[in-house]
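The structure appears right after this line, and notes come after that.
In UniProt numbering, the protein residues as written are 1 to 383.
Given below as structure tokens:
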């Protein structure tokens, strides 16, 4: 008798739509019975997964319902939900984004979190869906999507890495000239989750779960891919931003803004940023074009270089010479003086980064052995 009463006390939804909604969100409870608390009845995962697909089909025919349920589908992407539930919710959000342009934009942060999921299948599915949305221009490659999608270049799965590399080279880079130059420095800060610089704090905002602060090899993989797709003008833009916007904020040059404090250790996020920056400035992939300047190269090397240029277009040769002279002048007037000033500051504070900046200066000046005194402005110790 009491059993019959319990059965008769279950909530009875007023419509099929409500029934499906309750099943999808696992929200079936018994009615309150004479002071007893409600009892939660677990819905089997396969039933929930099918209910989500049904809700999605309803939303594709009813824009009002789609707007009401968009947040519900986004919440079903939370990490503690079963993977089949998250996967189906992801597919529904993709369909809604295609059907109702702009509807999913506010939920994009929840969607891009899946790019870092521990389950390879779900991570792969999320990568394919987000890539498809960007390829069809339903979702823009901007904001947090940039830094989260870039981390997939260092994914542990080779198939996922290869697809994203191909997507960049075939879709995103041709579509947006100077893509990596625009976000390179912000990416350094985002990958290390450094919020200490006011210009780059937004890049690291809400990005803790995508931080590669402790994963140097993964950061290096991303940097190398980006540098492979930088032309000379893009390299110059990146180096100039590092020098004039990032590193100079540690110096009190004009007194307009309070200088940033130097990081105390290499392990903290700001320390990782400085270490990465000095390594990047000294690596050949980001080195500014110095060919035809001749400083520091032996005669045989210069002759070989001239021989290889004989069949080259004279106009192109002239452009190369101009670029080389411009780069050399920039190094002499901006890069080296700024690095020397920063080095002096680090030495005065007994900073652990003196070693890194010395290595950086050594690599930058390696091609100018005969002109070191000129570049170093009388710094006998460095010379």
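Backbone N, C-alpha and C define an ideal beta-carbon position, used for all residues, glycine too.
Taken through DSSP and simplified to helix, strand or coil, residue 101 comes out as coil. By the Cβ-count criterion, residue 355 is exposed, with fewer than 16 other Cβ atoms from all chains shown falling within 10 Å of its own Cβ. Going by beta carbons, residue 241 and residue 185 fall inside the 7 Å limit. Taking a contact as a CB-CB distance under 8 Å, the pair residue 357 and residue 346 counts as one, their CB atoms being some 6 Å apart. Per DSSP, residue 206 is not a residue of any alpha helix (DSSP H), being assigned neither H nor E. By the Cβ neighbour-count rule, residue 263 is buried, with 16 or more other Cβ atoms within 10 Å of its own.
Taking every protein chain shown into account, the CB of residue 351 has 16 or more other CB atoms within 10 angstroms, so this residue is buried. For the 7 Å CB-CB criterion, residue 90 and residue 45 do not form a contact. Boundaries of the alpha helix (DSSP H) harbouring residue 109: 108-112, taken from the DSSP string. Here residue 21 is buried: its Cβ has 16 or more other Cβ atoms, across all protein chains shown, within 10 Å. One alpha carbon belongs to residue 331, the other to residue 339, and they sit about 10 Å apart. In the structure shown, residue 281 falls within a helical segment according to DSSP collapsed to helix, strand and coil. In this structure, residue 73 sits away from residue 103, with a CB-CB distance that is not shorter than 7 Å. With a cutoff of 7 Å on beta-carbon distance, residue 48 and residue 85 are scored as near each other. The C-beta distance from residue 96 to residue 70 rounds to 6 Å, short enough to meet the 8 Å contact threshold. Membership of residue 229 in any alpha helix (DSSP H) is not indicated, and neither H nor E is assigned to it by DSSP.
Bounds of the alpha helix (DSSP H) holding residue 184 are 179-191.
The beta carbon of residue 119 is closer than 7 Å to those of 83 in its chain, skipping five residues each way along the sequence. Apart from sequence neighbours up to five positions away, the residues of its chain that approach residue 101 with a beta-carbon distance below 8 Å are 138, ordered along the chain. A distance of 7 Å or more separates the beta carbons of residue 187 and residue 243. In this structure, the straight-line span from the alpha carbon of residue 279 to that of residue 68 is close to 50 Å. In the DSSP assignment, residue 359 falls within the unbroken alpha helix (DSSP H) covering 354-364.
Of 217, 155, 221 and 271, the smallest CA-CA separation from residue 189 is found for 271.
For residue 152, there is no enclosing alpha helix (DSSP H), as DSSP marks it with neither H nor E.
Residue 206 and residue 180 have their C-alpha atoms some 21 Å from each other.
Here the alpha carbons of residue 125 and residue 221 stand approximately 22 Å from one another. Secondary structure of residue 223 (DSSP, three-state): helix. Contact between residue 77 and residue 127 fails: their C-beta atoms lie close to 14 Å from each other, not under 8 Å. Counting the other Cβ atoms within 10 Å of the Cβ of residue 140 gives fewer than 16, which makes it exposed. Rounded to the nearest whole angstrom, the C-alpha separation of residue 326 and residue 146 is 31 Å.
For the pair residue 269 and residue 193, the CB atoms are nearer than the 7 Å cut-off. Around the Cβ of residue 155, a 10 Å sphere holds 16 or more other Cβ atoms; the residue is buried. Closest in C-alpha terms to residue 349, from the list 183, 230 and 250, comes 250.
Shortest Cα-Cα distance from residue 236 to any of 178, 217, 197 and 211 involves 178.
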